[in-house]
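Heads up: the structure comes next, in structure tokens.
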Amino acid sequence: MSEKRTVEAAGGIVYRIVRSIGSMMAPLSANDVEVCLVHRPKYDDWSWPKGKLEINESHRHAAVREIGEETGFPVALGPFLGEVEYPLSSEGKKTRHTGRGDGKDATKHVLYWMATQISDDDNWHRREAFGPIHAVDLGEVSEIAWLSLDKARKRLTHSTDRDMLALFVDRIEEDALKATPLLLVRHAKAEPRKQWDGTEPHRPITPEGAAAAYALDRELACYNPVELATSPWTRCEQTIEMLSWQTKRERRALPPLTEEAFERDPQAAWHCFAEQIKRVLETGNTMAICMHRPVIGGMFEHLRPLCATKSLAKRLVAKSPYMATANAFALFLVQTEDGPRIIDIQKVTPIVY
1 MSEKRTVEAA GGIVYRIVRS IGSMMAPLSA NDVEVCLVHR PKYDDWSWPK GKLEINESHR
61 HAAVREIGEE TGFPVALGPF LGEVEYPLSS EGKKTRHTGR GDGKDATKHV LYWMATQISD
121 DDNWHRREAF GPIHAVDLGE VSEIAWLSLD KARKRLTHST DRDMLALFVD RIEEDALKAT
181 PLLLVRHAKA EPRKQWDGTE PHRPITPEGA AAAYALDREL ACYNPVELAT SPWTRCEQTI
241 EMLSWQTKRE RRALPPLTEE AFERDPQAAW HCFAEQIKRV LETGNTMAIC MHRPVIGGMF
301 EHLRPLCATK SLAKRLVAKS PYMATANAFA LFLVQTEDGP RIIDIQKVTP IVY
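If you want it as structure tokens, here you go:
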């Protein structure tokens, strides 16, 4: 018996803030948001921008690319929303229901993120790291519409899309409209200590590590990092060097985040990292920081109490190696009366082929 086919896809709810002058000082709410819907003439439906993954493409990359192709807007990903699965034969039908159907039909599996437009300047900076985005033809998407949440709920054709809108509203209640990601990166695979004759700070990444670091750039670009920082040791510098070159953005050295400095003064390392969190929250700029395995473990100890839920905190693993080499975590931060809070954590893994 042949295995049932699953078509993988990704997309998102692109939103913008619309506020009157008189309400500028009030907290953001669902009433201050418009979302972007697309009309597909093939199905005569209104839905969220989405599309199928290309070969060797991650869901997050496909979400940014497909949104860009269908709306014309360059976007960066925000907090994750959820996923749906439905029989492929029900694509475009108003009676679409979630689930795997009768077990014979191929299914479509779609992951969704919150997403916001980025500036033309930011899009120029990230274009080489992310890759090309080509507009779809009019036969695929004929119209886009910015609508309030109430109007969007009425305009959406499919119940599965309305379910995703409900998850979007839940995220708004978690202050997700104010969330900014900090990308915590572990350096790529380095030459083994026993085989390296030089000093520890100058131990480089391997060719395999270089390939993974290059592939990771494509994933990090989905979040539009505009600030880059790193431990000044070679293996961290080399991991983030390509992203710096591709985006034409300078990288800052953070000496307290080397392995040696962390071992000598863990509190100073945390103070340095906490200052970067403060900077992200004050500027609203996404930052990528590259560091070492033991330093990451030390930062996790301080980050777990900042997580909004226990399930989020568990994603920051409590035992070594904490995360794989050339991997990252996107930590979505919001400022609260009690200090910084992490409302979402996304694991970022490169696809090397």
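Under full-length UniProt numbering, the first residue of the sequence shown is numbered 1, with each subsequent residue one higher. We put the CB at the ideal spot given by N, CA and C, even for glycine. Here the structure is a predicted model, which is why all the values come from computation and not from measurement.
query: In angstroms with no decimal places, state the Cα-to-Cα distance between residue 294 and residue 320.; result: 8 Å
query: Measure the alpha-carbon distance for residue 109 versus residue 56 and round it to whole angstroms.; result: 16 Å
query: Quick test of your reading: residue 342 and residue 184, contact by CB under 8 Å. State the CB separation rounded to the nearest angstrom.; result: Between residue 184 and residue 342 the Cβ distance is about 11 Å, and since that is not below 8 Å, they are no contact.
query: So, is residue 195 buried or exposed, given that buried needs 16 or more other C-beta atoms within 10 angstroms?; result: exposed
query: Could you give the C-beta distance for residue 12 and residue 114, rounded to a whole number, given that I count them as a contact under 8 Å?; result: 6 Å
query: For the structure I just gave you, are there three or more beta carbon pairs, one from the segment 82-89 and one from the segment 127-138, closer than 8 Å?; result: no
query: Since residue 132 is in the alpha helix (DSSP H), which residue starts that stretch and which ends it?; result: From DSSP, residue 132 is part of no alpha helix (DSSP H); its letter is neither H nor E.
query: Is DSSP giving residue 45 helix, strand or coil here?; result: strand
query: Could you pull out every residue in the same chain whose Cβ sits closer than 8 Å to the Cβ of residue 1, ignoring the five residues on either side in sequence?; result: Confidence at residue 1 is low in this model, with a pLDDT of 47, below 50, so the placement of that residue should be treated as unreliable; the coordinate-derived value is given next. The answer is none, since no qualifying residue turns up.
query: Is residue 261 near the ligand COA, in the sense that its beta carbon is under 7 Å from a heavy atom of that ligand?; result: In terms of ligand content, the structure shown is empty, and the ligand COA therefore cannot be addressed.
query: Does the beta-carbon of residue 265 have 16 or more other beta-carbons within 10 angstroms, so that it is buried, or is it exposed?; result: exposed
query: Is residue 237 buried or exposed, if buried means 16 or more other CB atoms sit within 10 Å of its CB?; result: buried
query: Going residue by residue through the segment 145-201, where are the continuous beta strand (DSSP E) segments of at least 3 residues, counting only ones entirely within it?; result: 180-186
query: What do you get for residue 250, buried or exposed, if any count of 16 or more other CB atoms within 10 angstroms of its CB means buried?; result: exposed
query: Please classify residue 52: does DSSP put it in a helix, a strand, or coil?; result: strand
query: Taking all protein chains shown into account, decide if residue 333 is buried (16 or more other Cβ within 10 angstroms of its Cβ) or exposed.; result: buried
query: Going by other Cβ atoms of all chains shown within 10 Å of its Cβ, with 16 needed for buried, is residue 235 buried or exposed?; result: buried
query: I need the DSSP call for residue 294, collapsed to helix, strand or coil.; result: helix
query: What is the DSSP secondary structure of residue 5, counted as helix, strand or coil?; result: coil
query: Closest to residue 273 by C-alpha separation, out of 130, 298, 350, would be which residue?; result: 298
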